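Student: The end of the sequence shown is residue 365 by full-length UniProt numbering, with every number in the run present.
Glycine included, each C-beta is placed from N, C-alpha and C at the ideal position.
Small disclaimer: the values here were computed from a predicted structure and weren't measured.
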Amino acid sequence: MATTDPPIPVLLVGPEPDAAERAAAALEREDDRLTVDLAADPDETLDRLVAGSYDCVVAVARASGGATSLHDRVRAHDPDLPFVVYVDDEVGGDGLGSDDAVSAREALSAGVTDYVRRDPATDGDAVLAHRVATAVESARTIREAERRRDRLERFVEVVSHDLRNPLSVAQGRLELARAERDDEHLEPAADAVDRSLALIGDLLTLAREGETIAEIEPIALADAVEASWTSVETADATLVVETDGEIRGHPGRVRQLLENLLGNGVHHGGDDVTVRVGTVEPMYTSTRAESHGGAGFYVADDGPGIPKTDRERVFETGYTTAEDGTGFGLNIAKEIAEAHGWEIRVEESREGGARFEVTGVDVVG
1 MATTDPPIPV LLVGPEPDAA ERAAAALERE DDRLTVDLAA DPDETLDRLV AGSYDCVVAV
61 ARASGGATSL HDRVRAHDPD LPFVVYVDDE VGGDGLGSDD AVSAREALSA GVTDYVRRDP
121 ATDGDAVLAH RVATAVESAR TIREAERRRD RLERFVEVVS HDLRNPLSVA QGRLELARAE
181 RDDEHLEPAA DAVDRSLALI GDLLTLAREG ETIAEIEPIA LADAVEASWT SVETADATLV
241 VETDGEIRGH PGRVRQLLEN LLGNGVHHGG DDVTVRVGTV EPMYTSTRAE SHGGAGFYVA
301 DDGPGIPKTD RERVFETGYT TAEDGTGFGL NIAKEIAEAH GWEIRVEESR EGGARFEVTG
361 VDVVG
């Protein structure tokens, strides 16, 4: 198959040159990303792994004894390198193999990445090429995720310490200076520092909350809303909770999402705004549910609302209509929703304000 994807260097290990060369040629024929080098025994395999760079080891064998033994040595060299056992019954009983039939269960329980048996009656070569490519792509995805996580951790560390700490010191000094004397320049300087700290806080939240949700649990939506409301500067705003249902999600991130949506309603709706939270029920036709992604929940207010022309832009990073806004609150809400596999959109509330709907949610009760 012709492709522009990155090449996949493979080290194929086999005791019999004919069988190994046949398997190598088949791999390169079936997938032109695969470039195959050969090794005859475990010692040569380790030498080649030390000297070169390979994305996968394929052990051609008749039985599991030698292949799994080789697997242990390869794993000691590189614990994450994909290792595929390719069982070819035409391979003799010496070398990597033995006279016993290879058991897929034995091989996989030993920790090999995959197990393929050659069947001359079917297109076994294509199966092997596909399994090798899949194993390598999976390993690359994992490595890239680990690299992103490492970069994120470094970013969080730099922002948390190298940027926030000096600003916190400046904030404290400015507060002392304002207490000691009246200077028209101190207040805007303090406001600038406060805004910078708020931006840093939002950046850190955005960096953390966009990660995929691994663990979810039932959450009483009303309790989560009430808890989130206590973290919002509400002035004379009113909260009305119109649900007693449960949803499934990550408690900490759901609370952050609710805080951001509630805070947005208060911030843009005015000091005496009323914010309502309830569940979204799917609309049914005779055959299927139709509700822009199904069930979920909403956060609505009776403020001035959001013009249609701005309803897509409100979720963009840095978008804000407030002088003291950071432009990250709704973007963070969107990241949290998408990390759960949910959708979020904004429309007009029944009072003419803004109504944020989060759908695709597993609502219980």
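Could you spell out where the beta strand (DSSP E) holding Glu347 opens and where it closes?
Tutor: Glu343 to Glu348
Student: Under a three-way DSSP split, which group does Gly303 fall into?
Tutor: coil
Student: For Glu226 and His250, which I take to be in contact (beta-carbon distance under 8 Å), what is that distance rounded to the nearest angstrom?
Tutor: In fact, because the Cβ distance is near 18 Å, the residues do not count as touching under 8 Å.
Student: State the CB to CB distance for the pair Val361 and Ala295, rounded to an integer number of angstroms; the pair is presumed to be in contact (CB under 8 Å).
Tutor: 6 Å
Student: Between the Cα of Leu108 and those of Asp119, Asp125, Val85 and Arg118, spot the shortest distance and give me the residue it belongs to.
Tutor: Nearest of Asp119, Asp125, Val85 and Arg118 to Leu108, Cα basis: Val85.
Student: Looking only at DSSP bridge pairs, what is Leu239 linked to?
Tutor: Answer is Val275, bridged to Leu239.
Student: With distances taken from CA atoms, which of Val136, Ile332 and Asp271 is nearest Glu343?
Tutor: Ile332
Student: For the structure I just gave you, are there three or more beta carbon pairs, one from the region 262-282 and one from the region 334-348, closer than 8 Å?
Tutor: no
Student: For the alpha helix (DSSP H) that contains Ile336, what are its first and last residues?
Tutor: Gly329 to Ala339
Student: Put Thr35 into one of helix, strand or coil per three-state DSSP.
Tutor: strand
Student: Closest by CA to Leu27, which one among Asp47, Ala133, Arg143 and Trp229?
Tutor: Ala133
Student: The alpha helix (DSSP H) with Phe155 in it runs from where to where?
Tutor: Gly124 to Glu157
Student: So Val36 packs on Leu70, CB below 8 Å; how close in whole Å?
Tutor: Rounded, the Cβ-Cβ distance is 17 Å, inconsistent with contact.
Student: Checking 8 Å against the spacing of the C-beta atoms, do residue 375 and Thr205 come in under that value?
Tutor: Residue 375 lies beyond the stretch modelled for the chain, which goes from 1 to 365, so this question has no answer here.
Student: Roughly how many whole angstroms lie between the Cα atoms of Glu246 and Glu281?
Tutor: In a straight line, the C-alpha of Glu246 is about 13 Å away from that of Glu281.
Student: Around the C-beta of Asp182, are 16 or more other C-beta atoms found within 10 angstroms, so that it is buried, or is it exposed?
Tutor: Classification of Asp182: exposed, given that the 10 Å Cβ count is below 16.
Student: Please return the same chain residues whose Cβ sits closer than 8 Å to the Cβ of Ala20, not counting the five positions on each side in sequence.
Tutor: Leu12, Val13, Gly14, Leu38, Ala40 and Val60
Student: One question on the structure: do Ala190 and Arg178 come within less than 8 Å of each other, judged by their Cβ atoms?
Tutor: yes
Student: Roughly how many whole angstroms lie between the Cα atoms of Asp55 and Val156?
Tutor: 31 Å
Student: What does the alpha-carbon distance come out to for the pair Glu351 and Ala220?
Tutor: Approximately 26 Å, taken between the alpha carbons.
Student: Out of Glu312, Ser231 and His185, point me to the one whose CA is closest to Ala354's CA.
Tutor: Glu312
Student: Which same chain residues end up closer than 8 Å to Arg151 when comparing Cβ atoms and leaving out the 5 residues on each side of it in sequence?
Tutor: In its chain, beyond the 5 residues on either side, no residue has a beta carbon closer than 8 Å to the beta carbon of Arg151.
Student: Note down the Cα distance separating Gly278 from His77, rounded to an integer number of angstroms.
Tutor: 56 Å
Student: Do you know how far the Cα of Thr238 is from the Cα of Glu347?
Tutor: 20 Å
Student: In its own chain, which residues sit with a C-beta less than 7 Å from the C-beta of Ile306, not counting the 5 before and 5 after it?
Tutor: Val314, Val346 and Ala354, listed in sequence order.
Student: Going by DSSP in three states, Pro218 sits in which element: helix, strand or coil?
Tutor: strand
Student: Per DSSP, what kind of secondary structure is Gly352 in: helix, strand or coil?
Tutor: DSSP places Gly352 in coil when its eight states are reduced to three.
Student: How about Leu176 and Leu197: do their beta carbons lie closer than 8 Å?
Tutor: no
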